[in-house]
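Undergrad: Protein chains in written order, with the numbering used here: chain A, 1 to 141; chain B, 1 to 141. One structure, as structure tokens, below. Some questions next.
There are 2 protein chains.
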Amino acid sequence: MRLSNLADYAVVTMAAAAQHCGGGRVSASELAAETGLPGPTVQKVVSKLTAASLLRSVRGAGGGLQLARPAAAITLADIVEAIEGPIALTACVDSNAHECGLEQNCAVRPHWPIVNQALRGALADIPLTRLAQTTPHQELV
Amino acid sequence: MRLSNLADYAVVTMAAAAQHCGGGRVSASELAAETGLPGPTVQKVVSKLTAASLLRSVRGAGGGLQLARPAAAITLADIVEAIEGPIALTACVDSNAHECGLEQNCAVRPHWPIVNQALRGALADIPLTRLAQTTPHQELV
DNA sequence: TGAAATTGGAACGAATCAGTCCAATTTAAG
DNA sequence: CTTAAATTGGACTGATTCGTTCCAATTTCA
């Protein structure tokens, strides 16, 4: 019921990368310095984000990372699924993972897709643009 | 992002216990036989459910378990929180768990309570009565 | 052509979770 | 009143997954 730390870090990293959208490429170590996360951890996060086609990487000297899509077209659900795979609260919801053994007798099973969709909808409603902008709450502190 | 197996088993166990609401007490081994779950696992689940005041236990010969409240007053959120503790997707949402270290710089943090409430609301909308009734989907199969 | 900078993947350690077992308590019967 | 059986409650062990770190392959600029 808790998000993995990697997924949490991925959201923070993507929010930091979105602020460099117009400025071209950003290195992973620079993102680590801005977010305050450990360097190697950011490396692992950007690897998965690149594999999920959320970031575009350019190797070599002067290379770096940049968003593969506009920030408005990336949602929280995309980032979470990039790290943790498909959103599925239980095993029986996860498409073809029949490892429960008592699915036909399970009275609860028909209700899980409803809860699952409610969760995914809540995540898909928040685009990256809302996370990238610095909230007014911080300037007051 | 996935529910723990114990929480999943707890929901199934509570649904089975709700069907014995009028019939008095039910033993844990009997619930295991009805649900098809391993006996020791059900024992561990009912222990936590009893500690959370969702089940009432009567020890001794002829004893057993029964719902502490009416089935309509128990929701999915109650059962999940009984096993996994408070529902919190990230550490910074969990009341007083300041282990992140970059909370004041985190632009994402103000948005997590919104997602968290959406998830909890989806779980709290499903009472145990809807899970206990045998769904028509099963008779058709 | 050489060297520096960066990403990508692989390996190690730790923590939480799932599962199992045994002991303490209590009621019913003899 | 004593004995015995049945049940819950808590503690232990093993395993899977997650988090972290390090090293090698690739590419561009000077």
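No residue lacks a Cβ here, since even glycine has one placed at the ideal position from N, Cα and C. Treat the numbers as computed from the prediction; the structure is a model and nothing was measured.
Candidates B:LEU54, B:LEU67, B:ASP125 and B:ILE126: which alpha carbon is nearest B:ARG25's?
TA: Stepping through the second sequence from its first residue, residue 25 of chain B is reached at position 25. The option with the nearest alpha carbon to B:ARG25 is B:LEU67.
Undergrad: Using a Cβ-Cβ distance under 8 Å, would A:ILE87 count as near chain B?
TA: For this step, residue 87 of chain A is matched to residue 87 along the first sequence. Chain B contact via Cβ: present.
Undergrad: Using a Cβ-Cβ cut-off of less than 7 Å, give me the residues of the stretch 41 to 54 of chain A that come near chain B, in sequence order.
TA: Residues passing the 7 Å Cβ filter: none.
Undergrad: Would you check if the distance between the CB atom of B:THR35 and the CB atom of B:VAL12 is smaller than 8 Å?
TA: If you number the second sequence from 1, residue 35 of chain B lands on position 35. If you number the second sequence from 1, residue 12 of chain B lands on position 12. For B:THR35 and B:VAL12, yes; Cβs fall inside 8 Å.
Undergrad: Which residues, taken in chain order from the stretch 8 to 26 of chain A, show a beta carbon closer than 7 Å to some beta carbon of chain B?
TA: Against chain B - using a Cβ distance shorter than 7 Å - the residues of the stretch 8 to 26 of chain A are ASP8, VAL11, VAL12 and ALA15.
Undergrad: For A:HIS137, decide whether its Cβ has a neighbour in chain B, counting only Cβ atoms nearer than 8 Å.
TA: In the first sequence, residue 137 of chain A corresponds to position 137, counting from 1. At A:HIS137 the pLDDT is 48, less than 50, meaning the model places this residue with poor confidence and gives no usable figure here.
Undergrad: For the ligand FAD, is there a heavy atom less than 7 Å away from the beta-carbon of B:LEU55?
TA: Questions concerning the ligand FAD fall outside what the structure shown contains, since it holds no ligand whatsoever.
Undergrad: Look up A:GLU139 in the DSSP assignment and say whether it is helix, strand or coil.
TA: On the first sequence, position 139 is the one that residue 139 of chain A refers to. Only weak support is given to the placement of A:GLU139: the predicted model assigns it a pLDDT of 44, under 50, and the question is left unresolved by the model.
Undergrad: Which residue or residues does DSSP assign as beta-bridge partners of A:GLY64?
TA: Position 64 of the first sequence holds residue 64 of chain A. Looking at the DSSP assignment, A:GLY64 forms a beta bridge with A:VAL58.
Undergrad: Start and end of the alpha helix (DSSP H) containing A:GLN43?
TA: For the purposes of this step, residue 43 of chain A is taken as residue 43 along the first sequence, with counting starting at 1. Counting along the chain, the alpha helix (DSSP H) containing A:GLN43 begins and ends at 39 to 51.
Undergrad: Residues of chain A with a CB under 8 Å from the CB of B:ALA82: which are they?
TA: Your numbering for residue 82 of chain B matches position 82 in the second sequence. In chain order: nothing, as chain A lies at least about 12 Å away.
Undergrad: Once you ignore the five residues that flank B:PRO148 on each side, which residues in its own chain have a CB closer than 8 Å to its CB?
TA: The shown model of chain B, from 1 to 141, leaves out residue 148 of chain B, and the question about it has no answer.
Undergrad: Thinking C-alpha only, which one of B:ASN116, B:CYS100, B:LYS44 and B:ALA122 is nearest B:ALA82?
TA: Against the second sequence, residue 82 of chain B aligns to sequence position 82. Selected option, being the one with the closest Cα: B:LYS44.
Undergrad: State the Cα-Cα distance for the pair A:GLY39 and A:ALA18, rounded to the nearest angstrom.
TA: Position 39 of the first sequence, counted from the start, is the residue given in the question as residue 39 of chain A. Position 18 of the first sequence, counted from the start, is the residue given in the question as residue 18 of chain A. Near 18 Å, if we compare the C-alpha coordinates of A:ALA18 and A:GLY39.
Undergrad: B:ALA28 CB to nearest chain A CB: under 8 Å?
TA: Within the second sequence, residue 28 of chain B is the residue found at index 28, counting from 1. Not one chain A Cβ lies under 8 Å of B:ALA28.
Undergrad: Just the chain A side, please: which residues come within less than 8 Å of B:ILE126 by C-beta, in chain order?
TA: Looking up residue 126 of chain B in the second sequence gives position 126. Within 8 Å Cβ-Cβ: HIS111, ILE114 and VAL115.
Undergrad: Taking the beta carbon of A:ALA15 as the centre, do at least 16 other beta carbons fall within 10 Å, making it buried, or is it exposed?
TA: Stepping through the first sequence from its first residue, residue 15 of chain A is reached at position 15. Counting Cβ neighbours within 10 Å, A:ALA15 comes out buried, since at least 16 surround it.
Undergrad: For A:ALA7, collect the residues of the same chain with a Cβ closer than 6 Å to its Cβ; drop the 5 residues on either side in sequence, then sort them by chain order.
TA: Indexing the first sequence from 1 puts residue 7 of chain A at position 7. If we look at A:ALA7 and ignore the five residues flanking it on each side, its Cβ neighbours are VAL80, ILE83 and GLU84.
Undergrad: Could you tell me which of B:ALA61, B:ALA33 and B:ALA28 sits nearest to B:THR50, measuring between CA atoms?
TA: The residue labelled residue 50 of chain B in the question sits at position 50 within the second sequence. It is B:ALA28.
Undergrad: Any beta-carbon of chain B closer than 8 Å to the one on A:THR90?
TA: Translated into the one-based positions of the first sequence, residue 90 of chain A becomes position 90. Output row for A:THR90: interface = yes.
Undergrad: Should B:ARG2 be flagged as near chain A, meaning a C-beta pair shorter than 8 Å?
TA: Taking the second sequence and counting its residues from 1, one reaches residue 2 of chain B at position 2. Closer than 8 Å: yes.
Undergrad: Any beta carbon of chain B sitting closer than 8 Å to that of A:LEU131?
TA: Your numbering for residue 131 of chain A matches position 131 in the first sequence. Chain B contact via Cβ: present.
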